[in-house]
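Read through the structure below, which is laid out as structure tokens, and then see the notes.
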Amino acid sequence: MFHHLASFLAIPFAIIAIIIWKEPRYIFDTFWWSVEDDVPSRTHLPNVPSHADTTAIILNWSRLPNVLKIVATLCQPQSENTISQIFIWNNSPHKINHTTFAETGCPSEVLRIHNSPTNLYFQARFLACEQVSTPFCFIQDDDYLVRPETVRAMRSHITEQSTSSIHLLPPFEMLSSQFRTMDVGSDLHTSFAWLGYGTLIPRKMAKDFLSLLQQLNVSDEITKMADNYFTVLRNSIPEMWFDNGVELGGGQPFTVGVEGDERNKHHIATQMLNLLISQRYSLQGKDVPFINFQYTRSPSISRAPCMGRLCIFETSIPLLPLDVPSLAPHAEEMLSLEATRMQTFGRDRIEHYINHPPSHAVDGQNETCFKSPEHAKEGDWISLDLVQLRSDPISVYMIVDKSTEAILSQSCLFEIFTDDWASIQASFACSDWDIGLRLCSLVIQHPRQYENRWGKFRARLRESVEKGWQICEIWARDMGRVGLLTSQV
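So, in structure tokens, the structure goes:
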């Protein structure tokens with residue numbers, strides 16, 4: 001599934017795979033509550049379901065051992081309020097049944113298995129989603145592992161009326177998707193993002209997409225390569241999150257070598273979308289499903305789900321130059337536009353983007369860090385979305401370098417989100433953690449009127465400083481469960 005960015009510039013990037021079968025230990029284990037702890041102190045945000053309303057859809061072809069791991073992971077207790085069913089669509093000629101999954105511990109009533117008479121490739125994802133009873137579908141490939149709390153975090157950012165899907169992407173794929181984002185005239189605004197790393201969509205979106213392909217009377221080959229057409233034909237910029245998922249590998253990959261890459265490029269549907277948009281006014285009045293003709297660009301915010309706990313790291317810090325052009329004369333120039341942007345961006349900035357993404361601030365490892373590409377600017381902010389509303393006082397912990405400690409202690413406002421962002425008083429303390437790093441705690445004792453009304457914290461920069469951000473880890477917990485740091489700044 002991996003289409004390495006290195007192929008554009010021949011840069012040898014190593015993607016380190018960590019296969020999780022037993023639970024790893026993270027640096028925040030000493031401080032953090034489990035996902036299901038402290039229920040009395042939390043209430044649900046409007047978009048966070050109190051009952052499971054999502055079906056996980058997994059295609060099986062040649063990696064059945066991986067599918068077993070994925071099923072076992074998604075059947076953990078953390079999924080109970082999010083995933084109601086796991087739909088295994090078996091494209092392989094080797095039949096499977098509930099006995100195949102006996103050792104996963106997943107109840108048979110949770111598993112739905114379909115043995116397809118023929119290999120329908122990626123079309124099968126959407127056919128499966130169309131058939132389920134839940135309003136949302138979580139889609140992933142069989143060579144990648146996504147934890148239940150990540151799916152739950154994604155679910156908090158989507159509704160049945162959402163116009164965008166949410167895609168998890170590793171940093172090199174995120175950069176590729178960002179450079180494929182384009183505007184052609186006033187009517188075409190699109191990008192390309194893979195679905196297999198983990199994507200959450202409303203069921204209606206899958207149904208409308210299949211209806212569009214049927215209405216266009218496309219070939220079987222195009223239908224089977226549906227992934228390559230989904231985000232482009234939507235004609236909107238999908239919501240994309242930096243990913244801390246785990247590559248499982250194994251089996252027979254679908255995309256292999258130059259031939260596979262060329263096939264994928266051939267099936268990126270920009271020419272088709274260009275034709276559809278050019279016919280927009282003749283299409284109006286007809287029932288044209290899926291394509292979004294009403295588009296507004298969302299603010300540029302980078303997000304990454306936390307690894308091993310329920311939260312989302314967010315930041316407004318620009319990761320790409322603000323002057324990267326998105327205008328193009330024709331939609332079919334998407335890939336050439338990407339290549340040009342890559343060359344302009346340059347080797348050093350590409351390496352920085354890939355090696356220091358926002359997901360490194362919430363991966364449970366202080367050896368990896370999110371680093372801003374430039375000095376901190378007025379208005380920059382970092383945020384931790386706790387996904388659920390809080391009532392108890394909270395400690396936010398951060399492992400940072402000394403420059404970021406100075407930024408936080410001297411130049412930042414601390415805020416929580418209720419109906420809007422509200423400034424709060426917070427005590428800030430740091431102590432030595434590792435060579436060159438500091439462990440800082442921020443104690444949020446919010447006013448009583450905010451009880452059960454806030455679920456987000458952020459630090460916002462009041463003035464530009466000649467220092468860069470470096471956050472190696474950020475997490476939160478209830479104050480009562482651990483003593484405060486005593487070394488004052």
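According to the UniProt record's numbering, the sequence shown is numbered sequentially starting from 1.
Each residue gets a CB set at the ideal place from its N, CA and C atoms; glycine is no exception.
(request) Taking the CB atoms as reference points, tell me whether Asn90 and Ile70 lie closer together than 9 angstroms. (result) Looking up residue 90 in the sequence shown gives position 90. Looking up residue 70 in the sequence shown gives position 70. With a cutoff of 9 angstroms on beta-carbon distance, Asn90 and Ile70 are scored as not near each other.
(request) Under 8 angstroms Cβ to Cβ from Thr134, same chain only, skipping five residues before and after it: list those, please. (result) Locating residue 134 in the sequence shown gives position 134, counting from the first residue. Within the same chain, Thr134 has close Cβ partners Ala52, Asp53, Thr54, Thr55, Ser84, Gln85 and Arg203.
(message) Here's a check: name, in chain order, each residue in its chain whose Cβ is nearer than 6 angstroms to the Cβ of Cys430, leaving out the five neighbours to either side.
(response) For the purposes of this step, residue 430 is identified with residue 430 of the sequence shown, where counting begins at 1. Around Cys430, the same chain offers Glu405, Arg438, Cys440 and Val489 as residues with beta carbons nearer than 6 angstroms, after the five sequence neighbours per side are excluded.
(request) Please classify Val132: does DSSP put it in a helix, a strand, or coil? (result) In the sequence shown, the residue the question calls residue 132 occupies position 132. In the structure shown, the three-state DSSP call for Val132 is coil.
(message) So, at 7 angstroms on beta carbons, what are the nonlocal neighbours of Ile424 in its own chain, with the 5 sequence-adjacent residues on each side left out?
(response) Walking along the sequence shown from the start, residue 424 turns up at place 424. Excluding the 5 residues flanking it on each side, Ile424 has same chain C-beta neighbours closer than 7 angstroms at Phe414, Glu415, Ile416, Ile444 and His446, in chain order.
(request) Sort Asp434, Pro329, Asn244 and Asp287 by Cα distance to Ser359 and report the nearest one. (result) As a first step, residue 359 must be located in the sequence shown, where it is residue number 359. Measuring from the Cα of Ser359, the nearest candidate turns out to be Asn244.
(message) Going by C-alpha to C-alpha distance, which of Leu212, Ala226, Gln123 and Glu367 sits closest to Asn292?
(response) Here residue 292 refers to the residue found at position 292 when the sequence shown is read from its first residue. Minimum Cα distance to Asn292 is reached at Leu212.
(message) Quick check on Tyr353: does DSSP put it in helix, strand or coil?
(response) Residue numbering aside, residue 353 sits at position 353 when the sequence shown is read from its first letter. In the three-state reduction of the DSSP assignment, Tyr353 falls in the helix class.
(request) Tell me whether Ala426 is buried or exposed, calling it buried when 16 or more other Cβ atoms sit within 10 Å of its Cβ. (result) Looking up residue 426 in the sequence shown gives position 426. Under this definition Ala426 is a buried residue.
(message) Using only the alpha-carbon positions, how far apart do Thr231 and Pro238 sit?
(response) Within the sequence shown, residue 231 is the residue found at index 231, counting from 1. Within the sequence shown, residue 238 is the residue found at index 238, counting from 1. Spanning the two alpha carbons is a distance of roughly 7 angstroms.
(request) Kindly confirm or deny that the region 207-221 and the region 150-160 touch, where touching means at least three C-beta pairs closer than 8 angstroms. (result) Verdict: no, contact absent.
(message) So, under 8 angstroms CB-CB, Met240 and Ser177 are touching, yes? Tell me the CB distance rounded to an integer number of Å.
(response) Looking up residue 240 in the sequence shown gives position 240. Looking up residue 177 in the sequence shown gives position 177. About 6 angstroms; that satisfies the 8 angstroms criterion.
(message) Between Gln123, Lys95 and Ser186, which has its C-alpha nearest Glu221's C-alpha?
(response) The residue given as residue 221 occupies position 221 in the sequence shown. Answer by Cα proximity: Gln123.
(request) Just tell me which of Val288, Glu374, Leu384 and Lys467 has its CA closest to the CA of Ala304. (result) Reading the sequence shown from its first residue, position 304 is the one you call residue 304. Nearest C-alpha to Ala304: Leu384.
(message) Which complete beta strand (DSSP E) runs does the region 48-82 hold, if anything under 3 residues is left out?
(response) Within the region 48-82, complete beta strand (DSSP E) segments of at least 3 residues are found at 54-60, given in chain order.
(request) Could you tell me whether the Cβ atoms of Leu276 and Ser302 are closer together than 9 angstroms? (result) Numbered from 1 along the sequence shown, position 276 holds the residue referred to as residue 276. Numbered from 1 along the sequence shown, position 302 holds the residue referred to as residue 302. No, Cβ-Cβ distance for Leu276 and Ser302 is not below 9 angstroms.
(message) Using a Cβ-Cβ cutoff of less than 8 angstroms, which residues in the same chain neighbour Ile96 once the five nearest sequence positions on both sides are dropped?
(response) Working through the sequence shown from its first residue, we reach residue 96 at position 96. Its chain contains Asn60, Leu64, Ile88, Asn90, Ile113 and Asn115 as the residues whose beta carbon lies nearer than 8 angstroms to that of Ile96, once the 5 sequence neighbours on both sides are disregarded; these appear in chain order.
(message) Report the start-end ranges of each beta strand (DSSP E) in the region 149-217 that is 3 residues or longer and not cut off at the edges.
(response) Listed in chain order, the complete beta strand (DSSP E) runs (minimum 3 residues) inside the region 149-217 are 166-169, 182-184, 188-190 and 199-202.
(message) What does the alpha-carbon distance come out to for the pair Phe192 and Leu335?
(response) Taking the first residue of the sequence shown as 1, we reach residue 192 at position 192. Taking the first residue of the sequence shown as 1, we reach residue 335 at position 335. Just so you know, the alpha carbons of Phe192 and Leu335 end up roughly 10 angstroms apart.
(message) Cutting at 7 angstroms between CB atoms, please list the residues of its own chain near Gln410, excluding the five before and the five after it.
(response) Here the question's residue 410 lines up with position 410 in the sequence shown. None.
(message) Tell me which residues share the same chain as Val387 and place their Cβ nearer than 8 angstroms to its Cβ, disregarding the 5 neighbours each side in the sequence.
(response) The sequence position of residue 387 within the sequence shown is 387, counting from 1. Leu45, Val48, Arg152, Ala153, Ser156, Leu310, Cys311, Ile312 and Gly455, listed in sequence order.
(message) Would you call the region 391-408 in contact with the region 346-357, where contact means no fewer than 3 C-beta pairs closer than 8 angstroms?
(response) Note that the region 391-408 does not touch the region 346-357; fewer than 3 beta-carbon pairs, one per stretch, sit closer than 8 angstroms.
(message) If I measure Cβ to Cβ from His375 and keep anything under 8 angstroms in the same chain, skipping five residues before and after, which residues do I get?
(response) Within the sequence shown, numbered from 1, the residue matching residue 375 stands at position 375. Apart from the 5 residues on each side of it in sequence, His375 sits with its Cβ closer than 8 angstroms to the Cβ of Ser464, Val465, Glu466, Lys467 and Gly468 in its chain, given in chain order.
(request) Within 10 angstroms of the Cβ of Asn355, are there 16 or more other Cβ atoms? Answer buried if so, exposed if not. (result) As a first step, residue 355 is located in the sequence shown; it is residue number 355 there, counting from the start. Asn355 should be labelled exposed.
(request) Would you tell me roughly how many angstroms separate the C-alpha atoms of Phe242 and Tyr197, rounded to the nearest one? (result) Against the sequence shown, residue 242 aligns to sequence position 242. Against the sequence shown, residue 197 aligns to sequence position 197. Taking the straight line joining both Cα atoms gives about 10 angstroms.
(request) May I have the straight-line CA-CA distance separating Phe370 from Phe138, to the nearest angstrom? (result) Counted from its first residue, the sequence shown places residue 370 at position 370. Counted from its first residue, the sequence shown places residue 138 at position 138. Rounded to the nearest angstrom, the two C-alpha atoms are 27 angstroms apart.
(message) What does DSSP give as the partner residue(s) for Tyr397 in the beta ladder?
(response) As a first step, residue 397 is located in the sequence shown; it is residue number 397 there, counting from the start. Beta-bridge pairing by DSSP links Tyr397 to Ser441 and Trp475.
(request) Have a look at Leu175 and Leu195 and give me their C-alpha separation to the nearest angstrom. (result) Translated into the one-based positions of the sequence shown, residue 175 becomes position 175. Translated into the one-based positions of the sequence shown, residue 195 becomes position 195. Distance between the alpha carbons of Leu175 and Leu195: 15 angstroms.
(message) Out of Trp433, Arg460 and Asp432, which one is the CA nearest neighbour of Ala422?
(response) Reading the sequence shown from its first residue, position 422 is the one you call residue 422. Scanning Trp433, Arg460 and Asp432 for the CA closest to the CA of Ala422 turns up Arg460.
(request) Alpha carbon to alpha carbon, how far is Leu120 from Asp287? Give it in angstroms, no decimals. (result) Counted from its first residue, the sequence shown places residue 287 at position 287. Counted from its first residue, the sequence shown places residue 120 at position 120. Taking the straight line joining both Cα atoms gives about 27 angstroms.
(request) Check whether the Cβ atoms of Glu247 and Leu145 lie closer than 9 angstroms to each other. (result) Translated into positions along the sequence shown, residue 247 becomes position 247. Translated into positions along the sequence shown, residue 145 becomes position 145. With respect to Leu145, Glu247 sits close: the two C-beta atoms are nearer than 9 angstroms.
(request) Rounded to whole angstroms, what's the CA-CA distance from His167 to Glu173? Just pull it up for me. (result) By 1-based counting over the sequence shown, the position of residue 167 is 167. By 1-based counting over the sequence shown, the position of residue 173 is 173. Whole-angstrom Cα-Cα distance: 11 angstroms.
(message) Using a Cβ-Cβ cutoff of less than 7 angstroms, which residues in the same chain neighbour Leu322 once the five nearest sequence positions on both sides are dropped?
(response) As a position in the sequence shown, residue 322 is number 322, starting the count at 1. Closer than 7 angstroms at Cβ, skipping near neighbours: no residue.
(message) Please state whether the Cβ-Cβ distance between Asp401 and Gly364 is less than 9 angstroms.
(response) The sequence position of residue 401 within the sequence shown is 401, counting from 1. The sequence position of residue 364 within the sequence shown is 364, counting from 1. Taking 9 angstroms as the Cβ cut-off, Asp401 and Gly364 do not qualify as a contacting pair.
(message) Would Leu200 and Phe136 be called neighbours here (beta carbons separated by less than 9 angstroms)?
(response) For the purposes of this step, residue 200 is identified with residue 200 of the sequence shown, where counting begins at 1. For the purposes of this step, residue 136 is identified with residue 136 of the sequence shown, where counting begins at 1. In this structure, Phe136 lies closer than 9 angstroms to Leu200 by Cβ.
(request) For the alpha helix (DSSP H) containing Leu233, list its first residue and its last residue. (result) Translated into positions along the sequence shown, residue 233 becomes position 233. Unbroken alpha helix (DSSP H) run through Leu233: Asp227 to Arg234.
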